[in-house]
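Written below as structure tokens is the structure these notes are about.
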Amino acid sequence: MQLTELSDRGFRTSVSVFQRPTGGLRWVIIPTIHMGHADYYWAIWQRLRSCKAVIAETWDGPSSTGMAYANAMRLARQRASRDLVAQDIDYGALGVPIIFPDDYLVPQADPDRRMSRGERLHATMWTPILALQMALADDGDWLSTASLELHDHTEVPPYGDSIKRDELLLGVMREIDGEFSAEDIEVAVVFGALHIPAVVRELTKLGYQVIPEVQWLTAIDYDEPAYLRKPPLDGWMDW
Numbered sequence: 001m002q003l004t005e006l007s008d009r010g011f012r013t014s015v016s017v018f019q020r021p022t023g024g025l026r027w028v029i030i031p032t033i034h035m036g037h038a039d040y041y042w043a044i045w046q047r048l049r050s051c052k053a054v055i056a057e058t059w060d061g062p063s064s065t066g067m068a069y070a071n072a073m074r075l076a077r078q079r080a081s082r083d084l085v086a087q088d089i090d091y092g093a094l095g096v097p098i099i100f101p102d103d104y105l106v107p108q109a110d111p112d113r114r115m116s117r118g119e120r121l122h123a124t125m126w127t128p129i130l131a132l133q134m135a136l137a138d139d140g141d142w143l144s145t146a147s148l149e150l151h152d153h154t155e156v157p158p159y160g161d162s163i164k165r166d167e168l169l170l171g172v173m174r175e176i177d178g179e180f181s182a183e184d185i186e187v188a189v190v191f192g193a194l195h196i197p198a199v200v201r202e203l204t205k206l207g208y209q210v211i212p213e214v215q216w217l218t219a220i221d222y223d224e225p226a227y228l229r230k231p232p233l234d235g236w237m238d239w
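For the record, in the sequence shown the residue sitting at position 14 is 14 according to the UniProt record's numbering, with numbers rising by one throughout.
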């Protein structure tokens, strides 16, 4: 099963629904990238409105990682850098329980949290390093060389404390499945795409199957002609 797609048209992520053949609880699985067009995050928020609960990654709203990458793409004059914003999904406006399994990463994580001064400073310091790496990419197009295309069978190498975060995420999902498996409700998982292969494999082990008609959302596109894809350096920092 394909989860994300990187092509000459840009980068897309899937929205898939899993349910057991006997019915009951439905899982809405949304792999994300931490930078993209604003309408991409708006589309995710709209899909979450039917869910009774959301399991979210602390970096989803707001994302200092996304800010650093979006700013670096503009600084390095990358293709598709036009109109990129950092991921920031307004979970608080949904009015449903939001669960952050990895809340140990961000003190006082809650749906209405704003980016701290320390996170902004970290993004600012990291941006020129990322921009240099992007500028040195083949053909000056870092995105096309990134390992962003994922399937459910993709083996993601451990990075940082990713194993711990995956275990916390899957643990919360098992708890919800144990208590609400017979309920006619939707629960969403909105996490960085690299975490989602493990999520899909876990759901498969629990007896869930993907429902056909997977939705695709465009996060980053290459619509503009090449000669228009060089934004000015003035005002590149996205605050």
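By construction, the Cβ of each residue, glycine as well, lies at the ideal position given by its N, Cα and C atoms.
Nearest-angstrom beta carbon gap, residue j and residue i [assumed within contact, 8 angstroms]
i	j	result
Gln19	Ile211	6 angstroms
Ile55	Ala188	7 angstroms
Leu84	Ala93	So it is not a contact: roughly 22 angstroms between Cβ atoms.
Arg120	Ser64	7 angstroms
Leu169	Pro101	5 angstroms
Asp152	Met35	Contact doesn't hold; Cβ gap of about 24 angstroms is too wide.
Leu143	Ala80	6 angstroms
Glu202	Met173	7 angstroms
Tyr222	Arg9	6 angstroms
Whether residue i touches residue j by CB criterion (8 angstroms)
i	j	result
Ile163	His37	no
Leu75	Glu183	no
Ala43	Leu150	no
Arg49	Val28	no
Met73	Ala86	no
Val15	Val199	no
Asp177	Leu206	yes
Ala137	Thr145	yes
DSSP three-state assignment for residue i, whether helix, strand or coil
i	result
His37	strand
Glu57	coil
Pro225	Note on Pro225: pLDDT 43, under 50, position unreliable in the model; no value is reported.
Pro232	Confidence in Pro232 is poor, its pLDDT being 35 and thus under 50, which makes the residue's placement too unreliable to answer from.
Phe180	helix
Ser64	helix
Ala92	Residue identity differs from the one stated: residue 92 is Gly in this sequence, not Ala. Reduced to three states, the DSSP call for Gly92 is helix.
Ala76	coil
Arg26	strand
Glu5	strand
Leu194	helix
Arg12	strand
Asp238	Summary for Asp238: the model assigns pLDDT 42, below 50, so the residue's position carries little reliability, and this model does not support an answer.
Val172	helix
Arg20	coil
His151	strand
Glu213	coil
Leu48	helix
Ala109	coil
Ala86	strand
Own chain partners of residue i with C-beta closer than 8 angstroms, once the 5 adjacent residues on each side are dropped
i	result
Leu148	Thr4, Leu6, Phe11, Ile33 and Ala193
Pro128	Ala72 and Leu75
Asp141	Gln78 and Arg79
Contacting residues, own chain, Cβ-Cβ under 6 angstroms from residue i (five flanking each side not counted)
i	result
Ile196	Leu3 and Pro31
Phe191	Glu57
Phe180	Leu25
Val106	Thr58
Val17	Arg26, Val28 and Ile211
Arg117	none
Cβ of residue i within 8 angstroms of any chain D Cβ
i	result
Arg74	You won't find chain D in this structure, because it holds only one protein chain.
Same chain, Cβ closer than 7 angstroms to residue i, five either side skipped, listed in chain order
i	result
Cys51	Val28, Val96, Glu186, Val187 and Ala188
Ala109	Thr58, Phe100 and Asp103
Tyr41	Gln87, Asp88 and Ile89
Thr166	According to the sequence as given, residue 166 is Asp; it is not Thr. Same-chain partners within the cutoff: His195 and Ala198.
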